[in-house]
Amino acid sequence: MEHAAERLDEAGVADPRREAASLVAMAIGRERSFLIAHPECVLTAEEAERCGAAIGRRALREPLQYIRGSQEFFGLEFEVTSDVLIPRPETEAVVEAGLGFLVARPSPRVLEIGVGSGCIIVSLLANCEDATGTGTDVSKAAIETARRNAERHGVDGRLELVEADVYSGLDAGRFDLIVSNPPYVPEKDMATLQEEVRRFEPRSALTDDGDGLTIIRRIVEGAPDRLVPGGLLLMEIGFGQHRDVAGLFDEISWESVEFLPDLQGIPRVVSAARRDQ
2 MEHAAERLDE
12 AGVADPRREA
22 ASLVAMAIGR
32 ERSFLIAHPE
42 CVLTAEEAER
52 CGAAIGRRAL
62 REPLQYIRGS
72 QEFFGLEFEV
82 TSDVLIPRPE
92 TEAVVEAGLG
102 FLVARPSPRV
112 LEIGVGSGCI
122 IVSLLANCED
132 ATGTGTDVSK
142 AAIETARRNA
152 ERHGVDGRLE
162 LVEADVYSGL
172 DAGRFDLIVS
182 NPPYVPEKDM
192 ATLQEEVRRF
202 EPRSALTDDG
212 DGLTIIRRIV
222 EGAPDRLVPG
232 GLLLMEIGFG
242 QHRDVAGLFD
252 EISWESVEFL
262 PDLQGIPRVV
272 SAARRDQ
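Sequential numbering of the sequence shown, starting at 2, is according to my numbering.
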């Protein structure tokens with residue numbers, strides 16, 4: 002494992018010892034704690050081959066989650082492929098706020114725009130058993146990944162998945178809750194992203210190739226016609242975007258607009274309630 006850690010360190014991987022241990026443990030089908038308890042462990046030829054291949058991919062800066070093929074989110078394990086964003090802890094704030102809203106609504110309907118892996122809407126449906134949902138994405142491959150995750154967690158019977166661009170392609174109907182983690186990275190900031198993100202995660206899920214607000218504008222503009230009176234829009238936004246995003250909401254359609262902070266105190270999720278009329 003020392004050799005693996007050294008190789009990852011030379012490649013510029015952060016926390017190389019931890020990452021090496023995770024990859025070795027994956028190769029032998031064990032938890033990292035097993036390696037700590039059994040430092041004398043010797044890999045078989047097959048295990049060594051699997052480990053070498055995984056270390057080689059990580060040394061090229063491919064994210065660990067893609068190599069492993071999964072990532073935990075909101076207490077659930079999700080399949081992730083290079084066709085979808087890797088679920089991140091800050092996005093759990095969307096789920097937490099959504100569940101707090103849904104608990105008081107009978108048989109609520111949820112729409113997720115840009116469903117990706119399905120981590121947001123699947124987590125919502127898994128924790129709100131009387132809810133039904135629709136997830137949209139422009140990527141057919143992402144739709145299929147979300148479908149597999151819905152099946153894994155037993156919510157596929159309550160989730161419709163549609164290949165659609167924001168609201169276009171959706172049937173008529175209104176929802177109690179709209180959620181989204183849209184592509185919000187401005188094109189000018191793409192070069193500053195971590196190499197693992199910039200090179201391996203799907204560009205169309207990261208940026209609009211503009212100011213980072215293109216899809217956000219479309220979501221906000223169309224939401225009043227897609228939400229029931231008193232319905233809620235929850236959307237993750239980027240660092241420093243909250244003032245620009247606040248200006249997208251007009252007083253005619255929206256009762257209240259607030260921004261929920263992440264663990265670092267950064268405004269991360271916009272929460273906007275449609276007027277109850």
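Using N, Cα and C, we set each Cβ at its ideal position, and we do this for glycine too.
For residue i, which residues of its own chain have a beta-carbon under 8 Å away from its beta-carbon, when the five flanking residues on both sides are left out?
i: Leu-249; result: Leu-214, Ile-217, Arg-218, Val-221 and Glu-222
i: Ala-192; result: Arg-199
Below 7 Å CB to CB, which residues in the same chain sit around residue i once its five sequence neighbours on both sides are set aside?
i: Gly-239; result: Tyr-185, Val-186 and Gly-213
i: Ile-29; result: Leu-44 and Glu-48
Bridge partners of residue i, per DSSP?
i: Ala-151; result: DSSP lists no partner for Ala-151.
i: Gln-72; result: Phe-79
i: Ser-169; result: Asp-166
i: Gly-136; result: Glu-113 and Leu-162
i: Pro-64; result: Pro-64 pairs with nothing; no bridge assigned.
i: Ser-181; result: Ile-114 and Met-236
i: Ser-257; result: Ala-274
Judging by CA-CA distance, which residue of the options is the nearest neighbour of residue i?
i: Ile-253; options: Thr-208, His-154, Arg-149 and Ala-224; result: Ala-224
i: Pro-88; options: Glu-97, Ser-205 and Gln-66; result: Gln-66
i: Thr-146; options: Gly-134, Thr-135 and Leu-162; result: Leu-162
i: Arg-51; options: Ser-23, Arg-62 and Glu-78; result: Ser-23
i: Gly-170; options: Ile-114, Val-156 and Arg-199; result: Ile-114
i: Arg-227; options: Ala-192, Leu-112, Leu-86 and Ala-132; result: Leu-112
i: Val-180; options: Val-156, Val-95 and Tyr-168; result: Val-95
i: Thr-92; options: Gly-53, Arg-149, Asn-182 and Leu-61; result: Asn-182
How should residue i be labelled, buried or exposed, when 16 other C-beta atoms within 10 angstroms of its C-beta is the threshold for buried?
i: Arg-275; result: buried
i: Val-104; result: exposed
i: His-4; result: exposed
i: Ala-173; result: exposed
i: Thr-135; result: buried
i: Ala-142; result: exposed
Please report the straight-line C-alpha distance between residue i and residue j, rounded to a whole angstrom.
i: Pro-90; j: Ser-108; result: 27 Å
i: Val-271; j: Leu-234; result: 8 Å
i: Glu-259; j: Val-246; result: 10 Å
i: Cys-129; j: Ile-121; result: 12 Å
i: Arg-149; j: Asp-209; result: 27 Å
Who are the Cβ neighbours of residue i in its own chain at under 6 Å, not counting the five residues just before and after it?
i: Thr-82; result: Thr-146
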